[in-house]
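Residue numbers (this note's numbering): 360 to 767.
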């Protein structure tokens, strides 16, 4: 039986400390001490050797920052997660400089706390294994974006194709676009490319493929995007299984900044693998009632698998502005999830797809193209030229939350 992680809570507010301790106990963690700032916090951590420390940090910052710095300097292998009612940049930056492993904003939720602790402890274990020489040398790993939707005909392939082009041309990233549509496989048509080899061919020969020969299986689009088409014969999918998908995507992610996976409007073993390997899942929906109903079910499935991880699962509304009688705020209320991006309705999108030329190339000044370029910049961390700030969705605290860890 695995050992229960041991935690010390550093919080001078007894009521707050009690609430945190109660939450940790409900999560199955062992709270071995609770203390305030200063010498006692360091002494207990040194003597009891917990797996992790949860520490409250509030204004005035002198004592909490001093305590945090003493813990991370004196016990460099001990991760400290800080929590606060504040979400201002000065406090977050001070926590980062002082060595915090993560920053959580109150009110705390069990799910958020558990996710943070598990993530920090997993990273701690990997670092320990690397020091012991038990891990292989790290390999490059690009970002994998899975375009998913529980219904066909909602524009997944259009978004996948245009996003890939925007990442390559606007954000200047190396991009691989993989057609995983096991039913229709329309990427080759929408990008107007020939299909000589497919994902099935690469999967069959993966053992003999290296960085130099990988390009033989990809078609280079004029935009610079490298495309791995779907098989022209649907029967070729029968010999492909989830592990084939994982292996193919892993190889592509080692050689490209972004790998975009276009999936069908159905759920099968291939789609499950594409979701599993995705760094981020863009869940596409429209203002159509059938699409919304299916999206509710898809979100439930994703939350069961990944928890309520708003950084990993992003809902994108396609064809926003269509007159269907359904309002966007109704969609958010029904899904119980915010819309990360809204791609506007534009009849030119269909025309561009039929001509085999993505709209970000054929109509670069359209609202659709502008929004897709903004999505690409957000994903790549490139500044939005329109306002000089980084593009992206979500609250300020969520953007800065992950892994404020002091450099070694």
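C-beta atoms are modelled at their ideal positions from N, C-alpha and C, and glycine is treated no differently.
Taking DSSP as the reference, what is the three-state secondary structure of residue 705? Residue numbering aside, residue 705 sits at position 346 when the chain shown is read from its first letter. Here residue 705 sits in coil by DSSP.
Thinking C-alpha only, which one of 611, 707, 545 and 362 is nearest residue 624? Here residue 624 is taken as the residue at index 265 of the chain shown, counted from 1. Checked all of 611, 707, 545 and 362; the closest Cα to residue 624 is 545.
Is residue 777 helix, strand or coil by DSSP? Because the chain is modelled from 360 through 767, residue 777 falls outside the range shown and cannot be assessed.
Might you give, ordered along the chain, the residues of its own chain that have their beta carbon closer than 6 Å to the beta carbon of residue 365, omitting 5 neighbours on each side? What you label residue 365 is simply residue 6 of the chain shown in a count that begins at 1. Once the five neighbours on either side are set aside, the close Cβ partners of residue 365 are 389, 391, 409 and 410.
Given that a residue counts as buried once 16 or more other Cβ atoms are within 10 Å of its Cβ, and exposed if not, what is residue 714? If you number the chain shown from 1, residue 714 lands on position 355. Counting Cβ neighbours within 10 Å, residue 714 comes out exposed, since fewer than 16 surround it.
Cβ shell of residue 712 (< 7 Å), same chain only, five flanking positions each side left out: Residue mapping note: residue 712 aligns to position 353 of the chain shown, counting from 1. Once the five neighbours on either side are set aside, the close Cβ partners of residue 712 are 517 and 549.
Locate the beta strand (DSSP E) running through residue 652, then write down its first and last residues. The residue you call residue 652 lines up with position 293 of the chain shown. Per DSSP, residue 652 belongs to no beta strand (DSSP E); it is in the alpha helix (DSSP H), 648-665.
By the 10 Å Cβ neighbour count, where 16 or more other Cβ atoms means buried, how is residue 529 classified, buried or exposed? If you number the chain shown from 1, residue 529 lands on position 170. Burial call: buried.
What is the DSSP secondary structure of residue 753, counted as helix, strand or coil? Locating residue 753 in the chain shown gives position 394, where the first residue counts as 1. Any reading at residue 753 must be qualified, since the residue scores a pLDDT of 41, below 50, and its modelled position is unreliable; no value is offered.
If I follow the unbroken alpha helix (DSSP H) through residue 570, where does it start and stop? Locating residue 570 in the chain shown gives position 211, where the first residue counts as 1. First-last of the alpha helix (DSSP H) with residue 570: 570-573.
What residues match up with residue 442 in a beta bridge as DSSP calls it? Along the chain shown, read from residue 1 onward, the residue named residue 442 stands at position 83. 415 and 463, per the DSSP bridge assignment.
Going along the chain, which unbroken runs of the alpha helix (DSSP H) with 4 or more residues stay wholly within the segment 504-561? 515-528 and 546-550
To the nearest whole angstrom, what separates the beta carbons of residue 639 and residue 444, a pair I think is in contact under 8 Å? Position 280 of the chain shown, counting from 1, holds the residue named residue 639. Position 85 of the chain shown, counting from 1, holds the residue named residue 444. 29 Å between Cβ atoms; not a contact.
Using the DSSP secondary-structure output, state which residues sit across from residue 502 in a beta bridge. By one-based count along the chain shown, residue 502 stands at place 143. In the DSSP output, where bridge partners are listed per residue, residue 502 has 617.
Look up residue 681 in the DSSP assignment and say whether it is helix, strand or coil. Position 322 of the chain shown, counted from the start, is the residue given in the question as residue 681. Judged by DSSP in its simplified three-state form, residue 681 adopts coil rather than helix or strand.
Look up residue 696 in the DSSP assignment and say whether it is helix, strand or coil. Locating residue 696 in the chain shown gives position 337, counting from the first residue. Residue 696: coil per DSSP, three-state reduction.
Between which two residues does the alpha helix (DSSP H) holding residue 769 run? No information on residue 769 is available, as it lies outside the stretch 360 to 767 that the chain covers here.
Between residue 565 and residue 576, is the Cβ-Cβ spacing less than 7 Å? Here residue 565 corresponds to residue number 206 of the chain shown, with the count starting at 1. Here residue 576 corresponds to residue number 217 of the chain shown, with the count starting at 1. Against a cut-off of 7 Å, the Cβ pair of residue 576 and residue 565 comes out as no contact.
What separation, rounded to the nearest whole angstrom, lies between the Cα atoms of residue 493 and residue 484? As a first step, residue 493 must be located in the chain shown, where it is residue number 134. As a first step, residue 484 must be located in the chain shown, where it is residue number 125. Each residue's Cα considered, the two are about 11 Å apart.
Assuming residue 589 and residue 552 form a contact by the criterion Cβ under 8 Å, report the distance between their Cβ atoms to the nearest whole angstrom. In the chain shown, residue 589 corresponds to position 230, counting from 1. In the chain shown, residue 552 corresponds to position 193, counting from 1. Between residue 552 and residue 589 the Cβ distance is about 12 Å, and since that is not below 8 Å, they are no contact.
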